[in-house]
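Presented below is the structure to which this report refers.
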Amino acid sequence: GDQRITLNLTSLPIKQSIAFTIDVDDTAGTREITVADGEMSGTTVSLHVADKTYTAVIETGAQVTLESPDCAL
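If you want it as structure tokens, here you go:
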């Protein structure tokens with residue numbers, strides 16, 4: 140399966156957020172239809188703006204915040 144998703148944004152106002160859902164397969168093998176928050180933990184998220192890259196790692200709760208001088212995602 141795929142291991143990367145790319146979202147191309149043309150603009151994002153300061154202090155605004157992006158939310159989306161995805162359909163992923165269970166990697167633990169214990170339940171076929173449910174992916175727990177812990178299975179998303181450790182996933183790296185990157186924001187590329189012009190020539191700079193900002194990176195953060197998803198921890199508990201399957202949420203991540205990327206801080207940059209221009210915006211907070």
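Note that our numbering has the sequence shown beginning at 140, numbered continuously upward. Where a beta carbon is used, it is the ideal one built from N, C-alpha and C, also for glycine. These numbers come from a predicted model, not from an experiment.
Beta-carbon proximity check, residue i vs residue j, cutoff 9 Å
{"i": "Phe159", "j": "Leu146", "result": "yes"}
{"i": "Ile161", "j": "Ile144", "result": "yes"}
Contacts around residue i, its chain only, beta-carbon distance under 6 Å, and the 5 residues preceding and following it disregarded
{"i": "Ala211", "result": "At Ala211 the pLDDT is 46, less than 50, meaning the model places this residue with poor confidence; the figure from the coordinates comes in the next sentence. For Ala211, where only same-chain residues beyond five positions count, the Cβ hits under 6 Å are Lys154."}
{"i": "Met179", "result": "Ile197 and Ala201"}
{"i": "Ser185", "result": "Thr192 and Thr194"}
{"i": "Val203", "result": "Val184, Ala195 and Ile197"}
Separation of residue j from residue i, as counted between CA atoms
{"i": "Asp190", "j": "Gly200", "result": "30 Å"}
{"i": "Ser207", "j": "Thr194", "result": "10 Å"}
{"i": "Ser150", "j": "Gln142", "result": "25 Å"}
{"i": "Thr182", "j": "Leu205", "result": "13 Å"}
Where the beta strand (DSSP E) through residue i begins and ends
{"i": "Leu186", "result": "Thr183 to Val188"}
{"i": "Val196", "result": "Lys191 to Val196"}
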